[in-house]
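*Asks:*
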Amino acid sequence: MVISKGNVIKFGCHLPLSANASTTGKYGLRHTAALGLSEKSDAFCIIVSEERGTISIAQSGSLQIIYRPVDLAAKLYEFYELKFPVEKKNSVGDWIKKNTVQKIIAVSMAMLLWLAFGYQRDWVQRDYTIPIEYKNIPQGWYIEEPKVFEAKASLTGSIQAFNLFDPTYMKIVVDLSEPIQGPHDIQLTKKMIKLPSNISLEKVKPAKVHIVAFKLYPKMLPVAVKTTGSVPRGTVLKNITVTPGSLKALVPNSMLKKSLEVATERIDLSSIDETVTIEPQLKIPADVHFQDDSIPIVRVTFHVESSR
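Heads up: take any position in the sequence shown, counting from 1, add 153, and you land on the numbering used here.
1) Helix or strand or just coil, what does DSSP make of Gln-428?
2) Among Phe-232, Lys-356, Ser-399, which has the Cα closest to the Cα of Pro-375?
3) Ser-423 to Gln-340, Cα distance in whole Å?
4) Going by beta carbon distance, what residues of the same chain come within less than 6 Å of Gly-310, once the five residues before and after it are set aside?
5) Provide the residue span of the alpha helix (DSSP H) that contains Thr-388, from first to last.
6) Please state whether the Cβ-Cβ distance between Glu-432 and Ile-450 is less than 8 Å.
7) Where Lys-379 and Val-395 are concerned, what is the direct C-alpha to C-alpha distance, given to the nearest angstrom?
8) Just how far apart, CA to CA, sit Val-389 and Pro-397?
9) Measure the C-alpha to C-alpha separation of Lys-158 and Gly-165 and round it to an integer number of angstroms.
10) Determine, using beta carbons only, whether Leu-329 and Tyr-370 come nearer to each other than 8 Å.
11) If I measure Cβ to Cβ from Val-441 and keep anything under 6 Å in the same chain, skipping five residues before and after, which residues do I get?
12) Is the distance from the Cβ of Val-365 to the Cβ of Ala-306 below 8 Å?
13) Give the secondary structure of Ser-202 by DSSP, where H, G and I count as helix, E and B as strand, and everything else as coil.
14) Do you know how far the Cα of Ala-172 is from the Cα of Leu-182?
15) Using 8 Å for Cβ pairs, my map puts Ile-425 next to Val-453. What's the rounded Cβ distance?
16) Relative to the C-alpha of Leu-348, which residue among Glu-192, Phe-443, Tyr-281, Val-429 is closest?
17) DSSP beta-bridge partners for Val-277?
18) DSSP three-state label for Leu-170, please.
19) Near Gly-218, what residues of its chain come up, given a Cβ to Cβ distance below 8 Å and the 5 sequence neighbours on each side ignored?
20) Identify every residue that forms a DSSP beta bridge with Leu-369.
21) Below 8 Å CB to CB, which residues in the same chain sit around Asp-446 once its five sequence neighbours on both sides are set aside?
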């Protein structure tokens, strides 16, 4: 609702949502609406998150979390003085006396909001097993298995905060956009875990993960068709065609000069009595990879004719 001079002048209002959704990030509709309102007007918006138990303000198109009641009071003072500046010649006593009721209301509002939603009590510690996600691996790089995919995190916060906390979406994100060649350790830090402001990370175990990264280079590998037996009596195998005849693979630098091939599974010719095309399974040499770690498809055609 909209209140002006002590009267409700509008209710059931639709607030303008911010067009910059990336600014609000993980926050919900009320934060987006407050941000949109601050973009289109000079409003000072106070947002209370029922999920996180935090208080934020939106002003001039920016969103800020308030951690202490004194900070909220200071922001209210700053906004009030901007709109209704006090003459500088006034003494401190005059400043206190002027608009005293409004100042008391501002401080009281800040304290009440903080006590209702921001004050943390009954702190507890809880442990969670959370997944580790490796992201932003550059093209042409490979991270050798095995990698650690889980860690145990100890979190602290109020009972109220944990009651509103959903650990389902919690994960540790390891950024590998700038990998280091060879084996090395990566420290797991608080910045890798997105948590509500009223829940803190105490420790994570393991504290670091060990990975082996190496750069891969393109190399064309021929496809070798492996067969066993012979075509049935009365038929002749004229030729075998392979599509494609070679595959673009990614290999470590140490394998660039080696003679490598991709072989098919052994195909029994005794069951082939006519021209047929099949897609056999492939045997990929160790440390050979393909784009997006996908297994390529190869079609082998056996051209068979009657000998009669």
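Using N, Cα and C, we set each Cβ at its ideal position, and we do this for glycine too.
Predicted, not measured: the structure shown is a model, and the values here were computed from it.
*Replies:* With the given structure in hand:
1) For the purposes of this step, residue 428 is identified with residue 275 of the sequence shown, where counting begins at 1. Going by the sequence as given, residue 428 is Thr instead of Gln. Coil, per DSSP.
2) Translated into positions along the sequence shown, residue 375 becomes position 222. Comparing Cα-Cα distances from Pro-375 to each of Phe-232, Lys-356, Ser-399, the minimum goes to Ser-399.
3) In the sequence shown, residue 423 corresponds to position 270, counting from 1. In the sequence shown, residue 340 corresponds to position 187, counting from 1. Roughly 57 Å between the two C-alpha positions.
4) The sequence position of residue 310 within the sequence shown is 157, counting from 1. Result list for Gly-310: Asn-351, Ile-352, in chain order.
5) Within the sequence shown, the letter at position 235 stands for residue 388. Segment 388-396 is the beta strand (DSSP E) holding Thr-388; no alpha helix (DSSP H) there.
6) The sequence position of residue 432 within the sequence shown is 279, counting from 1. The sequence position of residue 450 within the sequence shown is 297, counting from 1. Yes, these two residues count as a Cβ contact at 8 Å.
7) Here the question's residue 379 lines up with position 226 in the sequence shown. Here the question's residue 395 lines up with position 242 in the sequence shown. Distance between the alpha carbons of Lys-379 and Val-395: 12 Å.
8) Taking the first residue of the sequence shown as 1, we reach residue 389 at position 236. Taking the first residue of the sequence shown as 1, we reach residue 397 at position 244. The alpha-carbon atoms of Val-389 and Pro-397 are separated by roughly 24 Å.
9) What you label residue 158 is simply residue 5 of the sequence shown in a count that begins at 1. What you label residue 165 is simply residue 12 of the sequence shown in a count that begins at 1. Taking the straight line from one Cα to the other gives about 19 Å.
10) Residue numbering aside, residue 329 sits at position 176 when the sequence shown is read from its first letter. Residue numbering aside, residue 370 sits at position 217 when the sequence shown is read from its first letter. Result no, Cβ atoms of Leu-329 and Tyr-370 do not sit closer than 8 Å.
11) Against the sequence shown, residue 441 aligns to sequence position 288. Once the five neighbours on either side are set aside, the close Cβ partners of Val-441 are Ala-402, Val-404.
12) Within the sequence shown, the letter at position 212 stands for residue 365. Within the sequence shown, the letter at position 153 stands for residue 306. No, they are not a contact pair.
13) Residue numbering aside, residue 202 sits at position 49 when the sequence shown is read from its first letter. Ser-202: coil per DSSP, three-state reduction.
14) Stepping through the sequence shown from its first residue, residue 182 is reached at position 29. Stepping through the sequence shown from its first residue, residue 172 is reached at position 19. Answer to the nearest angstrom: the Cα atoms are 12 Å apart.
15) Residue mapping note: residue 425 aligns to position 272 of the sequence shown, counting from 1. Residue mapping note: residue 453 aligns to position 300 of the sequence shown, counting from 1. About 11 Å; that fails the 8 Å criterion.
16) Locating residue 348 in the sequence shown gives position 195, where the first residue counts as 1. Checked all of Glu-192, Phe-443, Tyr-281, Val-429; the closest Cα to Leu-348 is Tyr-281.
17) Here residue 277 corresponds to residue number 124 of the sequence shown, with the count starting at 1. Answer is Gly-310, bridged to Val-277.
18) One-based indexing of the sequence shown puts residue 170 at position 17. Here Leu-170 sits in coil by DSSP.
19) Against the sequence shown, residue 218 aligns to sequence position 65. First, the residue type needs correcting, since residue 218 is Ile and not Gly in the sequence shown. Result list for Ile-218: Thr-207, Ile-208, Ser-209, Ser-350, in chain order.
20) Within the sequence shown, residue 369 is the residue found at index 216, counting from 1. Paired residue(s): Pro-405.
21) In the sequence shown, counting from the first residue as 1, residue 446 sits at position 293. Nothing listed; no residue qualifies.
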